[in-house]
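Going from the sequence shown to this note's numbering is simple: count from 1 and add 2.
For each residue, glycine too, the CB sits at the ideal point set by N, CA and C.
This one's a predicted model, so the numbers in the text were calculated from it and none came from an experiment.
Down below is the structure, laid out as structure tokens.
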Amino acid sequence: MRIGLLTGGGDCPGLNAVIRSVTKSLINLCGAEVIGIEDGFLGLIERRVRPLDWRAVGGILATGGTILGTSNSATPFAWQGQDVSPAVMAYAAELGLDGLVVIGGDGTMTIAERMGRLGLPVVGVPKTIDNDIEGTERSFGFDTAVATVTEALERVQTTGQSHSRVMIVETMGRYAGWIALEAGVAGAADIILIPEAEYDIETVAGVCRERESRQRFTVICIAEGAKPVGGTWTVDRRIETSPDPIRLGGVAHALRAQLQPHLHSEVRATVLGHVQRGGSPTPFDRVLATLYGHHAAHLVRDQQWGQMVTLQGGQLGSIPLNHVAGRNRLVTPTHPLWVCAREIGVSFGERSVIS
Ligand code: F6P
């Protein structure tokens, strides 16, 4: 059995842990030969692969990034204006691939699902710090990002307290508020602004003013995809070759400019950016990534193609890739953490807030 393995989309803590786990499990479970594909689907387009064996995946469990490299702008269905998927299928046949394990986010799963329909057997493993992949309650990398943001919130609180400032911290997360919600609660943010609830600037300013008189500082955790009522996303740049060309970023600075005229205290903004994606995975993510990789190898062994590994109710499982492709999992108003945060007095910038 010969199995290809690639990592697609943005890098993420835990990718190497999955590569290690898939490779070791496939060798042990089915004596498979594992072929590492470089830079995601780009490696299949440009014919760049290398063998992965026990030694190649040694010592990488705790390292950030991906030893295979990745790409978030290479799709065989629109590569430099052309559909090169027939050439990719021919290359997969030339390599003698019996299947492909694809580690990635929603964009990568969408491509994988289409490759599957062309006849390439695929299994997916959900990766993203955003935690927004349909069908699974946890993608690996999320826990590490939350830990990084939580530490940042604690650190800016020191400056907020000392200088009586309003401190805004911007997280990643694209169109979902999972990172901001979970880190905001863990890092004791006073206001959490997420894409799932448009914020009212008067309400946000009101909470800061009330805290100015009482506690002298405010910490705001804002997701990059958050928008004011009636407003739109803050776009940092466009990458036209990417499946989703929009790159969000800078909403913390926009909020600072909106808030400052309403307040006595100085308002400062910090955009965390890629520090949330880098570095060593937390123990939770190392374990989750290892379990996901192992489960993916079982799916390969059992010829359960066209599935993505999932975690639901704390149990490992899988769902068809076509239930994942093109969808996003957002925070719902009834999510227990959102309900809890509201009821302990965290403001989400909504006009009517329970306090
Ligand atoms: O999907 C992961 C993510 O880090 C998002 O949170 C963020 O919006 C995006 O990728 C940034 O992508 P890039 O590294 O291409 O700027």
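As assigned by DSSP and simplified to three states, the class of residue i
{"i": "F172", "result": "Checking the displayed sequence, the identity of residue 172 turns out to be Glu instead of Phe. Strand, per DSSP."}
{"i": "I2", "result": "The structure shown does not extend to residue 2, since the chain is modelled only from 3 to 357, so the question has no answer here."}
{"i": "S166", "result": "coil"}
{"i": "G45", "result": "helix"}
{"i": "R249", "result": "strand"}
{"i": "M3", "result": "coil"}
{"i": "I196", "result": "coil"}
{"i": "V24", "result": "helix"}
{"i": "D238", "result": "strand"}
{"i": "V348", "result": "coil"}
{"i": "R331", "result": "coil"}
{"i": "W340", "result": "helix"}
{"i": "P263", "result": "helix"}
{"i": "C14", "result": "coil"}
{"i": "I356", "result": "Reliability of the predicted coordinates at I356 is poor, the pLDDT of 47 falling under 50, and the value obtained from them is presented with this limitation in mind. Coil at I356, not helix or strand."}
Beta carbon of residue i nearer than 7 Å to that of residue j
{"i": "C223", "j": "A182", "result": "yes"}
{"i": "L360", "j": "V103", "result": "The shown model of the chain, from 3 to 357, leaves out residue 360, and the question about it has no answer."}
{"i": "T272", "j": "V171", "result": "yes"}
{"i": "Y93", "j": "R52", "result": "no"}
{"i": "R279", "j": "I105", "result": "no"}
{"i": "V36", "j": "I5", "result": "yes"}
{"i": "R270", "j": "R167", "result": "yes"}
{"i": "F142", "j": "L290", "result": "yes"}
{"i": "V221", "j": "L155", "result": "yes"}
{"i": "S282", "j": "A147", "result": "no"}
Any non-hydrogen atom of the ligand F6P within 6 Å of residue i CB
{"i": "G132", "result": "Inspection of the sequence shows that residue 132 is occupied by Asp rather than by Gly. Yes, the beta carbon of D132 sits closer than 6 Å to at least one heavy atom of the ligand F6P."}
{"i": "L250", "result": "yes"}
{"i": "G12", "result": "yes"}
{"i": "G60", "result": "no"}
{"i": "R176", "result": "yes"}
Boundaries of the alpha helix (DSSP H) in which residue i is found, first to last residue
{"i": "P283", "result": "Segment: none, P283 is in no alpha helix (DSSP H) and carries neither H nor E."}
{"i": "G109", "result": "D108 to L120"}
{"i": "C210", "result": "I203 to R216"}
{"i": "P88", "result": "S87 to L97"}
Residue i Cβ short of 6 Å to the ligand FAD heavy atom set
{"i": "P78", "result": "Inclusion of the ligand FAD in the displayed structure is not the case, the ligand content consisting of the ligand F6P alone."}
N- and C-terminal bounds of the beta strand (DSSP E) containing residue i
{"i": "E35", "result": "E35 to I39"}
{"i": "V311", "result": "Q309 to Q314"}
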